[in-house]
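Residue numbers (our numbering): 1387 to 1666. Worksheet for the structure shown next.
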Amino acid sequence: MFTLDEKSLKENIQICVDKARQANPLVPSITNTVTVNFVANAQLAVGGSAAMIYLPDEADNIARICSSFYINMGTLLPVYAETLPRVIRVLKACHKSWVLDPVGIGMGALREQLLLAMKECPPTIVRGNASEIIALANIWGINSGDQHSGVRGVDSTDSVASARGAAVAIASFIKGAVSVSGEEDLITDGENVVISQGGSAMCCKVTGCGCSLGGVTAVYAGLADPLIAGVAASAIYNEASSYAEKNCRGTGSFQVEFLDRLYNLKGTEVAQNRLRIERA
């Protein structure tokens, strides 16, 4: 963790975005089956190499050679009860960065059991909506001051501002970063808080925008400090979705314009995203 200034933040965002396009990092995902195609396409668009994994032995093997890894809890298949603990142990042993998106938190005992176990081998970055972040802090028993979560299925009923305490507490605990998405995105490493502005309300009308943001965060997680990775992912998403809204005719063309813009944005352009830096 380090103290940020706007100049160094923007320089590091540019480096991170451009490095992903040059390096083509392998970033496997265990992700939501509803959004798997969108996640993979978004990862490819920013320069990553996607691989969608289900089985324990596959996950073990690819975790050893990957740049970083993405775990999304959206559709929890029975096999994941074995796959997730195994791959997380390998990632820890190999010192690999990984991103957790606790989608659906609070919806079932197995999901809660697996998320609770992750406290012992925590992710590098947690990405979620406000309600998911508050709920995860509660499950992990982290005192954040944000006591109640308004999770409704996979949707959030809490504001980003209301999850600030939980985000800071989790980031401090995992010694990584937490990214909270909403009208304004909040990214923190427990000491610094960065607010990324822009984006589009149409993201809420398209399945997979949040899940794919986690996937892109994972692409950057193996290339940069966790805070920089989280900010870079939010910044490129906010820039791309803002552009897509202005150029689309509806939700179908929004997805096309969004992916095209993700593919074409340069680091210098992403670094122009409106950002605000605060102390946690």
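C-beta atoms are modelled at their ideal positions from N, C-alpha and C, and glycine is treated no differently.
Measure the alpha-carbon distance for residue i versus residue j and round it to whole angstroms.
i, j, result
"Gly1653", "Ile1491", "34 Å"
"Ala1587", "Gly1551", "25 Å"
"Pro1674", "Pro1471", "The displayed coordinates of the chain run from 1387 to 1666. Any statement about residue 1674 would go beyond what the structure contains."
"Leu1501", "Ser1565", "17 Å"
"Ile1556", "Ala1503", "15 Å"
"Arg1475", "Gly1636", "43 Å"
"Ala1621", "Ile1439", "27 Å"
"Glu1397", "Phe1644", "24 Å"
"Gly1638", "Asp1646", "13 Å"
"Leu1463", "Arg1497", "10 Å"
"Phe1455", "Val1546", "25 Å"
"Gln1400", "Leu1522", "31 Å"
"Asp1356", "Ser1517", "Any question about residue 1356 goes unanswered here, given that the chain covers just 1387 to 1666."
"Pro1411", "Ile1519", "27 Å"
"Asp1443", "Glu1506", "22 Å"
"Ile1573", "Arg1660", "13 Å"
"Cys1402", "Asn1529", "32 Å"
"Lys1393", "Cys1590", "31 Å"
"Glu1569", "Asn1515", "10 Å"
"Val1667", "Ala1437", "The chain is shown only over 1387 to 1666; residue 1667 falls outside these bounds and no answer can be derived."
"Ser1558", "Gly1616", "15 Å"
"Leu1648", "Glu1631", "13 Å"
"Cys1595", "Gly1434", "17 Å"
"Ser1567", "Asn1447", "32 Å"
"Asn1524", "Ala1563", "17 Å"
"Ser1548", "Asp1571", "12 Å"
"Leu1477", "Thr1469", "12 Å"
What are the boundary residues of the beta strand (DSSP E) that residue i is part of?
i, result
"Asn1633", "Note, Asn1633: premise wrong, no beta strand (DSSP E); alpha helix (DSSP H) at 1612-1633."
"Ile1399", "Premise fails: Ile1399 lies in the alpha helix (DSSP H), 1392-1409, not in any beta strand (DSSP E)."
"Ala1554", "The sequence shown places Val at residue 1554, rather than the Ala named in the question. Careful: Val1554 lies outside any beta strand (DSSP E), inside the alpha helix (DSSP H) at 1550-1560."
"Asp1544", "First-last for Asp1544: undefined, no H or E at that position."
"Leu1463", "No beta strand (DSSP E) contains Leu1463, which DSSP labels as neither H nor E."
"Ile1663", "1661-1665"
"Leu1486", "1483-1487"
"Asn1578", "1578-1582"
Just tell me which of the options has its CA closest to the CA of residue i.
i, options, result
"Ile1663", "Ala1630, Ser1628, Thr1637, Gln1583", "Gln1583"
"Val1465", "Leu1441, Ile1474, Asp1487", "Leu1441"
"Cys1452", "Ala1666, Pro1612, Ala1607, Ala1621", "Ala1607"
"Gly1499", "Ile1519, Trp1526, Ser1548, Arg1407", "What sits at residue 1499 in the sequence shown is Gln, not Gly. Of the listed residues, the one whose Cα sits closest to Gln1499 is Trp1526."
"Ala1467", "Asn1447, Arg1450, Gly1494, Phe1455", "Gly1494"
"Asp1404", "Ala1619, Cys1595, Gly1585", "Ala1619"
"Ile1581", "Leu1412, Ala1409, Ser1454, Arg1665", "Arg1665"
"Ala1657", "Phe1640, Asn1427, Asn1624", "Asn1624"
"Leu1390", "Asp1611, Ala1630, Ser1435, Ser1548", "Asp1611"
"Leu1395", "Gly1601, Ala1428, Leu1613, Glu1631", "Leu1613"
"Cys1597", "Leu1477, Gly1434, Asn1423", "Asn1423"
"Ala1445", "Asn1633, Pro1414, Phe1640, Glu1631", "Pro1414"
"Leu1430", "Cys1634, Glu1631, Leu1599", "Leu1599"
"Pro1509", "Thr1603, Ser1435, Val1642, Tyr1649", "Thr1603"
"Val1432", "Gly1594, Ala1449, Arg1407, Arg1450", "Arg1407"
"Glu1655", "Ala1436, Val1592, Tyr1629, Lys1561", "Tyr1629"
"Val1485", "Gly1601, Arg1450, Phe1640, Asn1650", "Gly1601"
"Arg1513", "Ala1449, Asn1427, Val1554", "Val1554"
"Asn1650", "Ser1567, Ala1626, Ala1449", "Ala1626"
"Lys1561", "Val1425, Ile1511, Ala1428, Asp1571", "Ile1511"
Nearer than 7 Å: is that true of the beta carbon of residue i relative to any heavy atom of the ligand FAD?
i, result
"Ser1435", "Only the bare structure without any ligand can be found here, which leaves the ligand FAD out of the picture."
Can you name the residues that DSSP bridges to residue i?
i, result
"Pro1414", "Ala1437"
"Ser1565", "Arg1513, Ile1573"
"Tyr1456", "Ser1415, Val1485"
Return the first residue and the last residue of the alpha helix (DSSP H) that residue i is part of.
i, result
"Asn1423", "1422-1431"
"Ala1607", "1595-1607"
"Gln1641", "1637-1650"
"Gln1499", "1495-1503"
"Val1656", "1653-1656"
"Pro1442", "1442-1451"
Query raised in the report: So, do the stretch 1570-1586 and the stretch 1480-1499 have three or more beta carbon pairs nearer to each other than 8 Å?
Result: no
Query - Sufficient close CB pairs (3 or more, under 8 Å) joining the stretch 1415-1425 to the stretch 1455-1465 - result: yes
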